[in-house]
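In this text, residue positions in the sequence shown follow the UniProt record's numbering: the first is 1, and each later residue adds one. Ideal placement from N, C-alpha and C gives every residue a C-beta, glycine not left out. Small disclaimer: the values here were computed from a predicted structure and weren't measured. Report on one structure; see the data block that follows.
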Amino acid sequence: MTPGPAKPDPAQRLAAFVKAEALRLGFAEARIVRPDAIPEAPARLAACLDAGHHGSMAWLAETADRRADPRILWPAVRSIVMLGLDYGPDEDPRAVTAEPRCGAISVYARNRDYHDLIKGRLKELAGRLVARAHALGLDGDVKVFVDTAPVMEKPLAAAAGLGWQGRHTNLVSRRHGSWLFLGAVFTSLDLPTDPAETDHCGSCRACLDACPTAAFPAPYRLDARRCISYLTIEHAGPIPAAFRPLIGNRIYGCDDCLAVCPWNKFAQTAREAKLIARDDLRRPALAALARLDDAAFRALFAGSPIKRIGRDRFLRNVLIAIGNSADPALAGDALRLSADPAGLVRGAAVWALSRLLEAAAFRAMAEARAGGETDPDVRAEWGAASQAAEPG
């Protein structure tokens, strides 16, 4: 009698199980990789840190050793299940940047904080993985990570075959485009791995050319200090003056390099209700946002990643957008906020007023008010804006 085909061993059956369960939980795809599959990533991270491209994100340097090797983060890890979740928008997010009276919010932040959603799904998947492993006679442990942990998700996802890191350094997938949230399940189980994906950018440089602030010093390299997402989210102080006009009406993040990617013809729109844009955050009016006090800000953005940056930093961004609006009707909001208790808000309001008022009117205002300002950053804003408003 001819023997039948060999049955998959328990590890193979477990790998197939976890991938199928990931799909049932709403993930777009799951692939498996070894923790030592990204030997080149530490050198790239070190080069970024040495060049200062991480800006004020000191935590990147502080956790560099754990990022470089997942086994330092958790010595027991033998396999990593990398997962992607679709969050594609139902319209091109760049359309809002042509509406100067509205604020443009990054696609990922137009509803609930994705970290909470994904972490819950990862925990559910990890629990099912452990239970099935036990049923197959395997003993293993698990840990789950979203992008708040010191894990190099994008290199690991590329090594697992979810996609490749494009010229904009983000993950690109032939099956899902650029709109993928990433998560990871670390396990002490030894699971069969998947092949890595190769680079399919070809000669395309659309993402590099689309960046409003030229944040890519070279393909596959990002200088966060020039990136609008960094400037409007991670950067805590006044936004450098040279970048303000380039930010336009982007008040939280920027999607230009993602949105322009031609692989997005395969992108899937978000299916999770908590990831679909709230109607009030698709095109929020700058005038309404400028009137938020702290309580109203917290209420509007409860459960949103925007809440993390706080009202003052958010209003700084709104005022930059108001200054770029070329709409004198918004000058009243900037004038009111020029007396805000927060120096960060007052300074941005001064810049907005300098852009919206006639030069003579602004100079008169500066002469009347600059002397009474106690915050050195705000005094500097008055001085710089007054100098720019000088005739001839």
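- Where do the ends of the alpha helix (DSSP H) carrying Leu23 lie? Pro10 to Arg24
- Query: Run through DSSP, which three-state label would Asp377 get?
  - Reply: helix
- Might you give, ordered along the chain, the residues of its own chain that have their beta carbon closer than 7 Å to the beta carbon of His200, omitting 5 neighbours on each side? Same-chain partners within the cutoff: Trp164 and Arg174.
- Could I get the ranges of all uninterrupted alpha helix (DSSP H) runs contained in the UniProt domain "4Fe-4S ferredoxin-type" (192-221), with 4 residues as the minimum, in chain order? 206-210
- Message: Quick check: the region 34-44 against the region 61-70, are at least 3 beta-carbon pairs closer than 8 Å?
- Response: Contact between the region 61-70 and the region 34-44 is present, because at least three Cβ pairs lie under 8 Å.
- Message: Can you tell me whether Glu124 is helix, strand or coil according to DSSP?
- Response: helix
- Nearest candidate by alpha-carbon position, reference Val77, set Lys154, Val144 and Leu222: Val144
- Report the rounded CA-to-CA distance for Ile322 versus Leu125, giving the unit in angstroms. Taking the straight line joining both Cα atoms gives about 45 Å.
- Candidates Ala133, His168 and Leu180, of which the one nearest His115 by Cα: For the set Ala133, His168 and Leu180, the Cα lying nearest the Cα of His115 is the one of Leu180.
- Query: According to the neighbour-count rule (16 or more other Cβ atoms, all chains shown, within 10 Å of its Cβ), is Leu330 buried or exposed?
  - Reply: It is buried - the Cβ of Leu330 has at least 16 other Cβ atoms within 10 Å.
- Since Ala149 and Leu83 are thought to touch, with beta carbons under 8 Å apart, how far apart are those beta carbons, to the nearest angstrom? Actually they are not in contact, since the Cβ atoms of Ala149 and Leu83 sit about 14 Å apart, beyond 8 Å.
- Item | Inter-residue spacing [alpha-carbon to alpha-carbon] between Leu189 and Gly140 | Taking the straight line from one Cα to the other gives about 5 Å.
- Look at the Cβ atom of Arg244, then the Cβ atom of Ile228, and state whether they are nearer than 7 Å. No; because the gap between Cβ atoms is not below 7 Å, this pair is not in contact.
- Message: Restricting to Cα atoms, I'd like to know which of Arg346, Arg298, Asp223 and Val18 is closest to residue 411.
- Response: Since the displayed the chain opens at 1 and closes at 392, residue 411 lies outside it and no answer follows.
- Query: Quick one, are the C-beta atoms of Arg297 and Arg311 less than 7 Å apart?
  - Reply: Here residue 297 turns out to be Phe, not Arg, going by the sequence shown. The answer is yes: Cβ separation under 7 Å.
- Message: Quick check: what's the CA-CA separation for Ala158 versus Asp147?
- Response: Using only the alpha carbons, I get a separation of about 15 Å.
- Message: By alpha-carbon positions, which one of Gln268, Asp333, Arg271 and Phe266 ends up nearest to Asp293?
- Response: Asp333
- Query: Assuming Asn111 and Lys265 make a contact with CB atoms under 8 Å, what is their CB distance in whole Å?
  - Reply: Taking 8 Å as the upper bound for CB-CB distance, Asn111 and Lys265 are not in contact here, some 24 Å apart.
- Message: On the DSSP letters alone, give me the boundaries of the alpha helix (DSSP H) that Gly84 sits inside.
- Response: From DSSP, Gly84 is part of no alpha helix (DSSP H) but of the beta strand (DSSP E) over Ser79 to Asp86.
- Looking at Arg316 and Gly55, is the spacing between their C-beta atoms short of 7 Å? no
- Query: Would you call the CB atoms of Val151 and Val185 closer than 7 Å?
  - Reply: no
- Kindly confirm or deny that the region 90-108 and the region 250-262 touch, where touching means at least three C-beta pairs closer than 8 Å. yes
- Query: When DSSP builds the beta bridges, which residues end up paired with Ala296?
  - Reply: Its beta-bridge partners do not exist; DSSP assigns none.
- Distance, Ser178 Cα to Arg94 Cα: Straight-line Cα distance between these residues: approximately 15 Å.
- Item | Proximity of Ala389 and Ala361 at Cβ, strictly below 7 Å | no
- Task: With Lys154 as the anchor, note down where its alpha helix (DSSP H) starts and where it stops.
- Result: Glu153 to Ala160
- Assigned secondary structure, Ala104 (DSSP; H/G/I helix, E/B strand, else coil): strand
- Query: Quick one: what's got a C-beta closer than 6 Å to Arg355's C-beta in the same chain, skipping five residues either side?
  - Reply: Gly323
- Query: With a Cβ-Cβ cutoff of 7 Å, do Val318 and Ala339 count as a contact?
  - Reply: Not in contact: Val318 and Ala339 (Cβ atoms no closer than 7 Å).
- Query: If you draw a straight line from the C-alpha of Ala46 to the C-alpha of Gly88, how long is it?
  - Reply: Spanning the alpha carbons of Ala46 and Gly88 requires a straight line of approximately 31 Å.
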